[in-house]
Amino acid sequence: MQILNIKGIFYEVDNNKILNNINIDVEGGDCISIVGSSGCGKSTLLKICADLISISKGDIYYRGKNYKECNPLDLRRNISYCIQSPHLFGEQVFENLEFPFKIRKESTNKNRISALLERFNLDKGILDKDIHSLSGGEKQRIAIARNLMYIPDILLLDESTSALDTVNAQVVEEYIKDINKEGVTVIWVTHSLEQSEGIFNKRITISNGSIEKVEGIR
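The opening residue of the sequence shown carries number 7 in the numbering used here; numbering runs sequentially from there.
Structure representation (structure tokens):
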């Protein structure tokens, strides 16, 4: 079943065409990597899928319903977007990990927090740390954990392991692989050709704002 349909998407800024007639049909359970040179439009495409910026022309559908007819809050709960440069807020790490529960007006699930910290190779003591004392890799893993406190329908990842060493990048990849097997649809922008072949069933190459090719990997 198709979960996301991108139909004739154009995105322009000051007459500069960033995306040019993008068409993608995403099946539920797909694990798609998006590759291409810097500035080709990869991150812009993810932001459009996350309903963070408005398209200049075209349509995008979630489960057959046009984004224009969807409640933005519902979209952002079902389609989770991890940005490349993680932004943590407040003073302590715990504030970030309890946030998904607070905005849903639900009790903080400390067992879920502990489980994700362990899965992402982070000690529970990090919860009391000042966010400004964290390394780039710790911030990145905390940001991913924050996005995954509630498992989304679609997970959008923008270079989300770029600050991680090989071991921790693999830890994150394995978790993403596991939730994909459970049905989560994944769209992952990566600069790494090796990563783009690792856990994915499709790879989309973007060049100068257009789709250059779509490949089945497995």
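Even for Gly, the Cβ is constructed at its ideal location relative to N, Cα and C.
According to DSSP, residue pairing for Ile160 in a beta bridge involves Ile85 and Thr191.
Look at the stretch 71–138 and you find these whole runs of beta strand (DSSP E), each 3 residues long or longer: 85–88. Contact check for Lys208 against Val195 fails: the beta carbons are separated by 9 Å or more. The C-beta of Glu144 has 16 or more other C-beta atoms within 10 Å across all chains shown, which makes the residue buried.
A direct Cα-Cα distance of roughly 38 Å separates Ile30 from Ser113. In terms of CA proximity to Asp171, Ser141 leads the group Ser141, Ile24 and Ser60.
By the Cβ rule, the stretch 44–63 does not count as touching the stretch 173–186, because fewer than three pairs are nearer than 8 Å.
The stretch 20–38 and the stretch 119–135 do not touch, with fewer than three beta-carbon pairs separated by less than 8 Å.
Taking the Cα positions, Tyr87 is about 20 Å away from Ile24. With the rule of 3 Cβ pairs closer than 8 Å, the stretch 63–70 counts as touching the stretch 9–21. Going by DSSP, Ile59 is part of no beta strand (DSSP E) at all; its letter is neither H nor E.
Counting the other CB atoms within 10 Å of its CB gives Arg147 a total of 16 or more, which places it among the buried residues. By the 16-neighbour rule on beta-carbons within 10 angstroms, Val41 is buried.
By the Cβ neighbour-count rule, Leu79 is exposed, with fewer than 16 other Cβ atoms within 10 Å of its own. Straight-line spacing of the CA atoms in Ile150 and Ile160 works out to 14 Å.
For Glu221, there is no enclosing alpha helix (DSSP H); the enclosing beta strand (DSSP E) covers residues Ser216 to Gly222. Contact annotation, Leu94 with Ile137: C-beta distance approximately 4 Å; criterion of less than 8 Å satisfied. The three-state reading of DSSP puts Ile205 in coil, since its state is none of H, G, I, E or B. A Cβ-Cβ separation of about 6 Å places Ile217 in contact with Ile210 under the 8 Å criterion. Only buried fits Arg152, as 16 or more other CB atoms lie within 10 angstroms of its CB.
For Ser168, DSSP assigns no beta-bridge partner whatsoever.
By the Cβ neighbour-count rule, Gly215 is buried, with 16 or more other Cβ atoms within 10 Å of its own. Burial state of Val19 is exposed, judged by a 10 Å Cβ sphere holding fewer than 16 other Cβ atoms.
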